[in-house]
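All letters in the sequence shown, in the order written, are residues -16 to 213 by my numbering.
Yeah, the Cβ is synthetic: ideal placement off N, Cα and C, and Gly gets one too.
A quick write-up on the structure given underneath.
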Amino acid sequence: MIFEARYRVLFNTILAGEAGVEEGLVQADSPFCGSRKFGMCYVDGRADPSGASRMASIGTVLEVVDFAHVQDGRIFLTTKGRERFRVRSIVRERPIMIAEVEELEEDADDGEEVTVLAKEVSDLLRATIKLNVKLNNVEASDDQLEPEELAGLRPRDLSYWVASFFADIKVLQQSLLEEDTTTKRLTREKEILSDTVKHYSAVLALKSLELSSAASKEGKGGDAAGDKKD
């Protein structure tokens, strides 16, 4: 959701030519006008000794694939990551940061090792989703239990998609983004998901044991009451 004035200018500019754009906010002379793309870098909320926030040097080019304006001027965006980049230098900091960047090349992802690794990660994510649903006692659709991405994505794209599940741990997401090969990224995700499956399985086993113990106590209590009545 976009509501700050400077970002409204930015997004109306990169969306120039699309229906519903606020023409008065479009900077027609911008080199990014109508591109639908912008860059994003993780910013650590903890300030460095100088008092400035620390921005990661590696970020993602995002493309706006859908958007909607609401009456109060806010913009709701749906974006998709397209490629990674490294920040070489800062050209301008305000009102919107502009940087000189270089696109990072991606490695090949069609080897046997990375293909096997991708399948292992997919299986672990399936198990994680199912265990999470069972642990929280919620209903889930077939699409939620078996996302189409698990079977339809190549290893590289899968590695980035799996990282999206760690949205609550931004530092982890950033470190996965910075991995320089698909194999390294998938290997770390395999380790994380393996630990998650073990943890969820242990919690479920403990809950099952507690329920079994409680049921056993209730049963014994009922037998004792019955014996007393006789």
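Beta-carbon proximity check, Ser72 vs Glu83, cutoff 8 Å: Yes, these two residues count as a Cβ contact at 8 Å.
How big is the Cα-Cα spacing for Ile81 and Tyr25? Rounded to whole angstroms, the gap between the alpha carbons of Ile81 and Tyr25 is 15 Å.
Inter-residue Cα distance where the pair is Glu131 and Asp125: For the pair Glu131 and Asp125, the Cα-to-Cα distance works out to about 10 Å.
Among Leu114, Ala91 and Tyr183, the one whose alpha carbon lies nearest that of Pro138: Checked all of Leu114, Ala91 and Tyr183; the closest Cα to Pro138 is Ala91.
Do Glu103 and Lys20 come within 8 Å of each other at the CB atom, strictly closer than that value? Note that the C-beta distance between Lys20 and Glu103 is not below 8 Å.
Check this for me: beta carbons of Leu187 and Lys117, under 8 Å apart or not? For Leu187 and Lys117, yes; Cβs fall inside 8 Å.
Which partner residues does His182 have in the DSSP bridge list? When beta bridges are read from the DSSP output, His182 appears opposite no residue.
Have a look at Asp140 and Ser196 and give me their C-alpha separation to the nearest angstrom. Across the structure, Asp140 and Ser196 are spaced so that their CA atoms are roughly 46 Å apart.
Is the beta carbon of Thr(-4) less than 8 Å from the beta carbon of Cys16? Yes; because the gap between Cβ atoms is below 8 Å, this pair is in contact.
Per DSSP, which one or two residues make a beta bridge with Phe59? Secondary-structure assignment with DSSP links Phe59 through a beta bridge to Ala51.
Enclosing alpha helix (DSSP H) for Val154 [first to last residue]: Lys153 to Glu161 is the extent of the alpha helix (DSSP H) around Val154.
Does DSSP put Arg37 in a helix, in a strand, or in coil? Here Arg37 sits in strand by DSSP.
Whole angstroms is fine: what's the gap from Ala39's alpha carbon to Arg77's? When rounded, the separation of the alpha-carbon atoms in Ala39 and Arg77 is 18 Å.
Compute the beta-carbon to beta-carbon distance between Leu60 and Phe(-6), rounded to the nearest angstrom, for a pair I have assumed lies under 8 Å. Correct: roughly 7 Å between the Cβ atoms.
Contact under 8 Å by Cβ, Ser223 with Arg168: This structure cannot settle anything about residue 223, because the visible part of the chain is limited to -16 through 213.
Exposed or buried, Pro152, counting other C-beta atoms within 10 Å across all chains shown (16 or more means buried)? What sits at residue 152 in the sequence shown is Ile, not Pro. Exposed is the call here.
Looking at the strands, I want to know which residues DSSP matches up with Lys20. Answer by DSSP bridge pairing, in chain order: Glu46.
Under 8 Å, do Leu160 and Arg67 count as touching if we go by C-beta distance? Yes; because the gap between Cβ atoms is below 8 Å, this pair is in contact.
Assuming Arg69 and Glu85 make a contact with CB atoms under 8 Å, what is their CB distance in whole Å? The pair is a contact, with the Cβ atoms about 5 Å apart (cut-off 8 Å).
Are Leu114 and Ser184 close, meaning C-beta to C-beta below 8 Å? Result yes, Cβ atoms of Leu114 and Ser184 sit closer than 8 Å.
Do Leu100 and Thr166 count as a contact pair if the criterion is CB distance below 8 Å? In this structure, Leu100 lies closer than 8 Å to Thr166 by Cβ.
Can you have a look at Val121 and say buried or exposed, based on whether 16 or more other CB atoms are within 10 angstroms of its CB? Flag for Val121 reads exposed.
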